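So the structure is just underneath, and the comments pick up after that.
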Amino acid sequence: MSAASNNARPDSATLELFAQDLDQIRSNTMAKVGQKDANYIRNVIRVQRVSEIGGRVALVLGFISPVWWVVGVLLLAFAKILDNMEIGHNVMHGQYDWMNDPNINGRNFEWDHAADSDSWRRYHNHEHHTYTNIIGKDRDFGYGLLRLSDDTSWRPKNRWQILTYLNLSAMFELGVAYHEVAGERIFMGKRRKTSSLPITRKELRNAFFSKAGRQFFKDYVFFPLLCFPMFLPVLAGNFLANILRNLWTSTVIFCGHFTEEVHTFSIEDCENETQGEWYYRQILGSSNFEGRRWLHILSGHLSCQIEHHLFPDVPAYHYVEMGKQVQAVCKKYDIPYNTGSFGKQYLTVVKRVLKYSFPSKIEAASV
Amino acid sequence: MSINTNTLDIRHTIWSWIARNLTNNVSFKAYFEPLIQLFFPQWRADRFRSSVIDVRRESDDMYSLVIKPNKQWKGFRAGQYIELTVEKEGAWVSRFFSISSSPRYFNDSGLIEISIRIQENGQITPWLPQALKAGGVVNLSQAEGEFCLADSTTISGVTASTPTTKPILMIAGGSGITPFRSMLQQISLNGLAVSKPVSLMYYARSPEHFLFKEALNTYQQQVPNLTVNFIDTNELGFFSDAHLLKYCDDFAIRDIYICGPSPMIMHARKVLQNQNVNQEQIHYEFFGPEPVSLEGSGQASSVLFQQSGKQVTTNKDEPKTLLTLAEDAQLKPLSGCRIGVCHQCICQKKSGVVYNSKTKTYSDTGQEEIQLCVSVPVADVVLAL
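The listed protein sequences correspond, in order, to chains A and B.
Under full-length UniProt numbering, read the first sequence as residues 1 to 367, first letter to last.
Under full-length UniProt numbering, read the second sequence as residues 1 to 385, first letter to last.
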């Protein structure tokens, strides 16, 4: 385990007690899950629908005044953010499967996003959430593009990785869609010799093109053509809404995993891991940010990334409340709990990207 | 007809393709569902929102729901069942019930009835009457099932009273009477439509457990060829060769319909087979969910993988998760982390009870989504796999 702080891992007896406390928080919360949660998610979906429809109409009204166009862009971006974060991400984690509603179900849900949801369920729900921050197993750590710890050796391209990061952020949707395809090295580079995919590489490639193509068709062909005289403004509006959504989701996710204090782990760390050790790793591999209610909703409650990683299938709406209890438990066992204001956390992300743009001292000395 | 169906199919395919492309939902209805629910609570794109007119007590442990189905609902044949869905604490719960009233009655009044036995420790059947008392809303599926009189092609729209051609023997156990009540009401309302004899052997564990007793007696008076025998098992014992000879000695030339609890159906089939009754003459339908017995979780249970048609029996000394059981049966369900985190192995359970080793909770008996990798079967389970 490589860590920026000096906290040593508590012994296994302590972690056992620690796990019991966290399990208790989970079951207390699950006992409360019911009608209120169902109403909540249905309301969020309603707001999403109204914003999406309203946004698309407002874009067309841009011919009356550009103010309408701006409103349209913002509404559409808002709808896409809600769809991806508070609805899609959480539903696809199975948080609302207990509702037995086929349209709000982890297995069936498809989001307004270039990434094929099945692909995302494989590498995000499975790989990232099981092997959080294990270098060599969790490809989400740096996305194969950025060097964010000393676990990987420095290469000259890391010098300008802040630009790579900004690019990735703007095109985040495509990065997410391309992530699994790239991991298998389907188009260029060395192919992985062994693939753990439950589908063939051809199916993976087809799913990638089919979903990304569908999104492209919708936003850049169908709706612009439908509003033909407004073709260009609608096209540009859709493009801008997608970019705004990308910047936001990327920022939220970077603040949840790549702040300065976040720890990384080696494959040995997760061998024969107990529940307590697993919880411990999830906490050290994530970070929270604080804010008002709307900030939590817009981030899909990934502002509570720690709670999300501990309890990925508990309805996210409860994370803020659970966060207070988790933080208290962490304090009790002297386990670091990484949180701060949104701005502060973002600054440490930038710091981390910059810091590892350069070789570490040991490496530098040997160069 | 086939051309029509084809064009409809093509149109449907095109529409759902467009809906998927534009909304990422399976249909436009599904996309707008949450908005429509604002005005019609519990409205659903793939179900028929129907109102409950009355909840009628039938006996100590049985009640009937009188339902006015939504106008788009297509009707049914006597003996068919529906899937009834209601929202309980934010979750949709579904159960299958036979319709206990007749298509003719539905034609005349626009109403159907379903009769429900209260399951002890059940989560739904005891709760429903309270929840629906003041005119509640339920969702219906279209009617399904082939447990109908062979030539009773009387779909609700068509009131043609085709006379039955072969004599009929009906064997009912407990709440298994409901589809027969529907058939007999149909025959009675259609007037003297039965040219051949119909005989009903109705088993219950005590006199107060006979349902629709008055109605059945009335039908008997109205329909000359109908015989109804109420058989109290406490006094007269279970279905047997002796009963057959006593109540319906010409059973060998009849079409035989059996409905009731699973053990009773198995038993009746065995008795009839020993009497050399032709298999094709015997029609049967298992009725209702099995009662929940969590204490019995130490017993071996069977798991049926519905889509692949495979069935396995668990070993009580060595509990295995459904994922392992499926893999042992050479099935390859999608799976991921195997510790209940990634939700890739989610599968629909059609019926039965499972224990979730992660949340340490037992499931309900009905249809719901479960995680294969952390679920252990505790009662006979049917999976959509």
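Beta carbons: idealized from backbone N, C-alpha and C, even for Gly.
Computed from a predicted structure; not experimentally measured.
Count the other C-beta atoms from every protein chain shown that fall within 10 angstroms of the C-beta of residue i, then say buried if there are 16 or more, exposed otherwise.
i, result
"lysine 331 of chain A", "exposed"
"residue 386 of chain B", "For residue 386 of chain B there is no data in the structure shown, the boundaries of chain B being 1 and 385."
"isoleucine 87 of chain A", "buried"
"glutamine 221 of chain B", "exposed"
"threonine 313 of chain B", "exposed"
"histidine 12 of chain B", "exposed"
"threonine 85 of chain B", "buried"
"glutamate 318 of chain B", "exposed"
"asparagine 103 of chain A", "buried"
"isoleucine 14 of chain B", "exposed"
"glycine 135 of chain B", "exposed"
"methionine 266 of chain B", "exposed"
"methionine 188 of chain A", "exposed"
"valine 341 of chain B", "buried"
"leucine 82 of chain A", "buried"
"arginine 56 of chain B", "exposed"
"tryptophan 111 of chain A", "buried"
"lysine 133 of chain B", "exposed"
"alanine 384 of chain B", "exposed"
"proline 69 of chain B", "buried"
"glutamate 214 of chain B", "exposed"
"tyrosine 356 of chain A", "buried"
State the DSSP-derived secondary structure class of residue i, mapped to helix, strand or coil.
i, result
"threonine 85 of chain B", "strand"
"threonine 313 of chain B", "strand"
"glutamine 24 of chain A", "helix"
"lysine 360 of chain B", "coil"
"threonine 29 of chain A", "helix"
"proline 291 of chain B", "Model confidence at proline 291 of chain B stands at a pLDDT of 41, short of 50, so the residue's coordinates are unreliable and nothing is read from them."
"histidine 343 of chain B", "coil"
"aspartate 250 of chain B", "coil"
"phenylalanine 239 of chain B", "coil"
"valine 26 of chain B", "coil"
"phenylalanine 18 of chain A", "helix"
"isoleucine 231 of chain B", "strand"
"valine 73 of chain A", "helix"
"serine 188 of chain B", "helix"
"glutamine 42 of chain B", "coil"
"serine 375 of chain B", "strand"
"valine 57 of chain A", "helix"
"lysine 320 of chain B", "coil"
"valine 44 of chain A", "helix"
"threonine 153 of chain B", "Note that threonine 153 of chain B has pLDDT 44, beneath the 50 cutoff, so the model's placement of it is unreliable and the number below is only indicative. Note: threonine 153 of chain B maps to coil in three-state DSSP."
"asparagine 242 of chain A", "helix"
"threonine 162 of chain B", "At threonine 162 of chain B, the pLDDT of 47 sits below 50, so the modelled position is not reliable; the number obtained from the coordinates is stated separately. Coil."
Which whole-angstrom value describes the C-beta separation of residue i and residue j, a residue pair presumed to lie in contact below a C-beta threshold of 8 Å?
i, j, result
"serine 188 of chain B", "leucine 169 of chain B", "That belief does not hold up - the Cβ atoms of serine 188 of chain B and leucine 169 of chain B are roughly 18 Å apart, past 8 Å."
"proline 183 of chain B", "leucine 149 of chain B", "Note on identity: in this sequence residue 183 of chain B is methionine, with proline being the wrong assignment. Yes, they are in contact, since the Cβ atoms of methionine 183 of chain B and leucine 149 of chain B sit about 6 Å apart, within 8 Å."
"phenylalanine 239 of chain B", "valine 271 of chain B", "6 Å"
"proline 49 of chain A", "methionine 92 of chain A", "One detail in the question is off: residue 49 of chain A reads as arginine in this sequence, not proline. Incorrect: roughly 18 Å between the Cβ atoms, too far for contact."
"valine 382 of chain B", "glutamine 306 of chain B", "6 Å"
"proline 34 of chain B", "isoleucine 306 of chain A", "Rounded, the Cβ-Cβ distance is 30 Å, inconsistent with contact."
"arginine 95 of chain B", "isoleucine 67 of chain B", "Their Cβ separation, rounded to whole angstroms, is 14 Å, which puts arginine 95 of chain B and isoleucine 67 of chain B out of contact at 8 Å."
"leucine 61 of chain A", "tryptophan 68 of chain A", "4 Å"
"glutamate 368 of chain B", "lysine 349 of chain B", "6 Å"
"glutamate 180 of chain A", "leucine 146 of chain A", "Actually they are not in contact, since the Cβ atoms of glutamate 180 of chain A and leucine 146 of chain A sit about 18 Å apart, beyond 8 Å."
"isoleucine 118 of chain B", "serine 100 of chain B", "That belief does not hold up - the Cβ atoms of isoleucine 118 of chain B and serine 100 of chain B are roughly 15 Å apart, past 8 Å."
Can you pull the DSSP bridge partners for residue i?
i, result
"valine 381 of chain B", "B:Val303"
"methionine 170 of chain B", "B:Leu200, B:Tyr257"
"valine 226 of chain B", "For clarity, residue 226 of chain B is leucine in the given sequence; the question names valine instead. DSSP, once it has assigned bridges, lists B:Val198 as partnering leucine 226 of chain B."
"phenylalanine 265 of chain A", "A:Ile134"
"histidine 89 of chain A", "Answer by DSSP bridge pairing: none, since histidine 89 of chain A is not bridged."
"phenylalanine 286 of chain B", "B:Gly260"
"isoleucine 370 of chain B", "B:Cys347"
"tyrosine 355 of chain B", "B:Tyr362, B:Val376"
Name the chain C residues that come within less than 7 Å of residue i, Cβ to Cβ?
i, result
"isoleucine 45 of chain A", "Here chain C cannot be found, since the structure's protein chains are A and B."
Contained beta strand (DSSP E) runs [length at least 3] in the UniProt domain "FAD-binding FR-type" (45-150) of chain B, N- to C-terminal order: Qualifying beta strand (DSSP E) stretches, in chain order: 48-59, 62-68, 81-88, 91-98, 112-117, 137-140.
Any alpha helix (DSSP H) of 4 or more consecutive residues that is wholly inside the region 158-232 of chain A: Runs of the alpha helix (DSSP H) inside the region 158-232 of chain A: 161-170, 172-183, 201-217, 223-226.
In chain order, each alpha helix (DSSP H) run of at least 4 residues that lies wholly inside the region 272-349 of chain A: Entirely contained in the region 272-349 of chain A, the alpha helix (DSSP H) runs reaching 4 residues are, in chain order, 275-284, 293-298, 305-310, 319-332.
Length-filtered (4 minimum) alpha helix (DSSP H) runs lying within the region 92-172 of chain A: Runs found: 117-120, 161-170.
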